[in-house]
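Going by numbering that gives the first Met the number 0, the sequence shown opens with residue 0, and the numbers climb by one from there.
See below for the structure under consideration.
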Amino acid sequence: MAKKSIVRTIIKRFLAVLLVLAIAGTALFALFQDKINKWEYPIQYAEYVTYYADKYDLDPLMLYAFIRTESNFDPTADSNAGARGLMQITEVTFDWIKSKIAPTEDLTFEDLYDPETNIRFGSYFVSYCLLRYQNDLATAAAAYHSGWGTVDDLLAQSEYSADGKTLDHYPYPQMRLYVKKITSSYQRYQEIYIAS
C-alpha cells in the first residue's frame with residue numbers, strides 16, 4: 000500500500016511539473032510569436048505616419064500596410080515604373096499631389112526619398128483614393144496601384160462591379176495580387192496591434 004501511495008505521489012508531482020512546463024512553454028511561444036509578428040509587420044516612421052494619418056483622417060495601420068507593401072519600409076526604394084520612396088510615388092503622381100497640397104513649396108521629385116515628404120504625399124493620395132471610391136479599401140488600393148482611369152473603366156463594366164462604385168473582381172493579376180497584399184496586410188496589422 001505504501002508503495003502505491005509513493006508511486007501516486009510521484010506521478011502527481013511529475014504531472015504538476017509537466018503542467019507548469021506546458022504553461023511556461025505556451026507563454027514563451029506567445030511572447031516569441033508576438034515578436035515575430037511585429038518583426039514581419041513593423042511600425043516605423045511612427046511620428047510621420049501618426050501625424051499624416053490624423054491630418055487626412057486615416058487609420059495609421061492602413062498606412063503601414065501601404066508602406067510595407069510598397070517598399071517594405073525602405074525610403075530609398077525605386078520601382079521599374081520610376082516610383083520612389085516609402086510609398087512608391089511616380090513623378091506624374093508627385094506633380095499632381097504637389098499641385099493639391101504644396102503648390103508654393105520648393106519640392107522636387109527627389110524629395111520623395113525623404114520619409115516625411117513621401118508619407119505626407121502618399122497619405123494624401125491614399126485618402127483621395129478612399130474618398131473617390133466610397134472608403135472601399137480594395138477599390139482604393141486598386142486605384143493607388145493602377146490609376147483612376149483603369150479603375151473607372153473597370154467600374155463601368157458589370158462583370159467587375161455590380162454597383163459601378165466599387166470593384167468586385169480584378170481582371171489583372173498584378174492588380175489582384177496588390178489588392179490582396181494591401182487588404183491582408185492591413186488585417187494583420189489590426190490583429191497584431193489592436194489585439195495586443
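No residue lacks a Cβ here, since even glycine has one placed at the ideal position from N, Cα and C.
When the distance is taken between beta carbons, is residue j closer than 8 angstroms to residue i?
i: residue 64; j: residue 181; result: yes
i: residue 66; j: residue 86; result: yes
i: residue 68; j: residue 112; result: no
i: residue 118; j: residue 47; result: yes
i: residue 98; j: residue 84; result: no
i: residue 91; j: residue 141; result: no
i: residue 108; j: residue 120; result: no
i: residue 185; j: residue 136; result: yes
i: residue 50; j: residue 114; result: no
Just to confirm my understanding: we take residue i, look at its own chain, exclude 5 residues before and 5 after, and list those with CB closer than 7 angstroms. What are they?
i: residue 20; result: Residue placement at residue 20 cannot be trusted, given a pLDDT of 48 that sits under 50; the coordinates are not used to answer.
i: residue 160; result: 153, 154, 166 and 167
i: residue 37; result: 191
i: residue 189; result: 60
i: residue 52; result: 58, 59, 62 and 122
i: residue 106; result: 97 and 116
i: residue 89; result: 80, 81 and 82
i: residue 4; result: none
i: residue 210; result: A query on residue 210 cannot be resolved here, the shown segment of the chain reaching from 0 to 195 and no further.
Who are the near neighbours of residue i in its chain, counting only those whose CB is closer than 6 angstroms to its CB and skipping five residues on each side?
i: residue 164; result: 133
i: residue 145; result: 174
i: residue 40; result: 187, 188 and 191
i: residue 78; result: 87
Could you pull the DSSP bridge partners for residue i from this structure?
i: residue 83; result: 77 and 88
From the beta carbon of residue i, is the nearest beta carbon of chain D less than 8 angstroms away?
i: residue 69; result: No chain D appears in this structure, which consists of one protein chain only.
Please return the same chain residues whose Cβ sits closer than 8 angstroms to the Cβ of residue i, not counting the five positions on each side in sequence.
i: residue 150; result: 132, 138, 141, 142 and 166
i: residue 72; result: 41, 43, 44, 66 and 85
Can you check the segment 103 to 175 for any beta strand (DSSP E) of at least 3 residues that lies completely inside it and give the ranges in chain order? As far as the segment 103 to 175 is concerned, it has no whole beta strand (DSSP E) run of at least 3 residues.
Hey, is the segment 115 to 127 in contact with the segment 39 to 59, meaning 3+ C-beta pairs nearer than 8 angstroms? yes
For the segment 40 to 78, which segments carrying the alpha helix (DSSP H) assignment without a break, of at least 4 residues, lie completely within its bounds, in sequence order? Entirely contained in the segment 40 to 78, the alpha helix (DSSP H) runs reaching 4 residues are, in chain order, 45 to 54 and 59 to 70.
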